[in-house]
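A.B. asks:
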Amino acid sequence: MVFNLFKKKDDQQDKEKNKDTLKQEQQATAVCEETCIEENNNINSESDDAFAISVGSLKEKVSKTSEGIVSSIVSFATGAETVDDDMLDDIEDKLIVADIGMDTTVEVIEKIRDKKNSIRPDQLKDIFKQEFAQILKEAGSNKINLKENQLNIILITGVNGVGKTTLIGKLAHRYKSQDKKIIIAAADTFRAAAQEQLEIWAERAGVDIIGKYDSDPAAVVFDAIQKAKDESKDILIIDTAGRLHNKFNLMEELKKIKKIIDREAPEALAESILVIDANTGQNGLKQAQVFKEAVDLTSVAVTKLDGSAKGGIVIGISKELNLPVKLIGVGEKINDLKDFNAEDFVTAVFD
Ligand SMILES: Nc1nc2c(ncn2[C@@H]2O[C@H](COP(=O)(O)OP(=O)(O)OP(=O)(O)O)[C@@H](O)[C@H]2O)c(=O)[nH]1
Ligand SMILES: [Mg+2]
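When we follow our numbering, the leftmost residue of the sequence shown carries the number -16, and every step to the right adds one.
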């Protein structure tokens, strides 16, 4: 009873939030109709380029991350005649603050410490750049894995508020503009507002959606797979809950969803993507470990990279989870989901 009361209140608040968000978006659209004609034209006439981000724009988005990582390396190195242990200790502290990850930072610093007598301080920036580029490369290809002429399932997971639903809306829009047949499964069935939010995105992207509030998430996924097969869809994107009310265990629910996919469409799971908010820092790494075990992650999407000073997490995730980052969220608009390009990322951060 008490549980239901809380649940109702929670849902009501979510609904109000959705209404507010929708209203704000409608207002923004009205303003946009007058001022963003060019931008809207881009939305309607997308080529693959709409999903790429130029190094210049990326540089702008990761400027705070760049400041945290590169400025510290440069400032400690400037004016120094040799690379010494104190300098490397100071840089180490800054890299940890930039959320590159403790293990990754220590490993890179120790590697550089071993050769400190044979390098000059002014070479440090480039050496770090190469080390980080290597880490990103070793994590695997950054390209989303999609096969032609078959169903591709993309499972999206992550803790609450990281940007899963927004990312799904943006992805659906992307693939729709490439003439793919798409269906979204609203498997976050625990909040009515979650379903509504996804419906808004599905409508905006012009794609099908299946799901029912308060039903079993794994059953929604089962129905979605059948429908996707019956209607020869190219892509099924599955939204999941980020938090559950106490009596449910999120990881158990996610494992059930994964089991249904493995049973009903064993060849179809194209990507199991964990969404991480760039601002979550080290918590993001811990979350990722848990999800990796539950749903067999294949890659990571880092959202809210715009304005975050903690974008170093991109490097930490690649190294410590051995998972490639494939997508980055750089804003709240429909076109603000970009393909991650490791080389461009290090260039944007370092140059
Ligand atoms: N600045 C910025 N905001 C983002 C980005 N991606 C998502 N957001 C915002 O983050 C907030 C949460 O996004 P949702 O998509 O609802 O997150 P979610 O993971 O589905 O949340 P739950 O369903 O509660 O688990 C929204 O206000 C989004 O507009 C991004 O790349 N940049
Ligand atoms: Mg959501």
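Glycine included, C-beta positions come from ideal geometry on N, C-alpha and C.
Please tell me whether, using a cut-off of 6 Å, the distance from the CB of Val145 to the nearest non-hydrogen atom of ligand 1 is below it.
C.D. replies: Yes, the Cβ of Val145 comes within 6 Å of a heavy atom of ligand 1.
A.B. asks: Under 7 Å between the Cβ atoms of Lys287 and Ala325?
C.D. replies: Not closer than 7 Å, so no.
A.B. asks: Work out the CA separation of Gly312 and Lys238 for me, nearest whole Å.
C.D. replies: Cα to Cα, the separation comes out at about 26 Å.
A.B. asks: I'd like to confirm something about Thr148: is its beta-carbon nearer than 6 Å to some heavy atom of ligand 3, or not?
C.D. replies: Only ligand 1 and ligand 2 can be found as ligands here, which leaves ligand 3 out of the picture.
A.B. asks: Smallest Cα separation from Leu134: which of Lys210, Arg96 and Gln272?
C.D. replies: Selected option, being the one with the closest Cα: Lys210.
A.B. asks: Going along the chain, which residues of its own chain have a beta-carbon closer than 7 Å to the beta-carbon of Gly299, five neighbours each way excluded?
C.D. replies: Only Asp82, Ile83, Gly84, Thr87 and Leu268 meet the Cβ criterion.
A.B. asks: Report all residues from its chain with a CB closer than 7 Å to the CB of Ile26; omit the five preceding and five following residues, and keep chain order.
C.D. replies: Residue placement at Ile26 is flagged as unreliable, the pLDDT there being 36, under the threshold of 50; a coordinate-derived value is accordingly withheld.
A.B. asks: With DSSP run on the structure shown, which of helix, strand or coil describes Leu233?
C.D. replies: Here Leu233 sits in helix by DSSP.
A.B. asks: Would you mind stating whether Ile243 and Tyr158 have Cβ atoms separated by less than 7 Å?
C.D. replies: Contact: no.
A.B. asks: Go to Asn266, then tell me how far its alpha helix (DSSP H) extends in each direction, as first and last residue.
C.D. replies: That run of the alpha helix (DSSP H) goes Gln265 to Val278.
A.B. asks: Is the region 181 to 201 in contact with the region 144 to 162, if contact means three or more CB pairs nearer than 8 Å?
C.D. replies: Flag = yes, the region 181 to 201 and the region 144 to 162 touch.
A.B. asks: Which residues in the same chain as Thr148 place their Cβ atom closer than 8 Å to its Cβ, once the five residues preceding and following it in sequence are excluded?
C.D. replies: Once the five neighbours on either side are set aside, the close Cβ partners of Thr148 are Asp171, Ala177, Gln180, Leu181, Trp184 and Asp222.
A.B. asks: Mind reading off the beta-carbon distance from Lys323 to Asn125? Whole number of angstroms is fine, and I expect it under 8 Å.
C.D. replies: First, the residue type needs correcting, since residue 323 is Phe and not Lys in the sequence shown. Confirmed, about 5 Å.
A.B. asks: With DSSP collapsed to three states, give me the class of Leu134.
C.D. replies: Looking at Leu134 - three-state DSSP - the assignment turns out to be coil, as it is neither helix nor strand.
A.B. asks: Rounded to a whole number of angstroms, what is the C-alpha to C-alpha distance between Leu41 and Thr263?
C.D. replies: In a straight line, the C-alpha of Leu41 is about 20 Å away from that of Thr263.
A.B. asks: Could you pull the DSSP bridge partners for Glu93 from this structure?
C.D. replies: In DSSP, Glu93 forms no bridge with anything.
A.B. asks: Kindly indicate which three-state DSSP category Leu119 falls into: helix, strand or coil?
C.D. replies: Correct three-state label for Leu119: helix.
A.B. asks: What is the residue span of the alpha helix (DSSP H) that Leu181 lies within?
C.D. replies: Segment Ala175 to Ala188, the alpha helix (DSSP H) holding Leu181.
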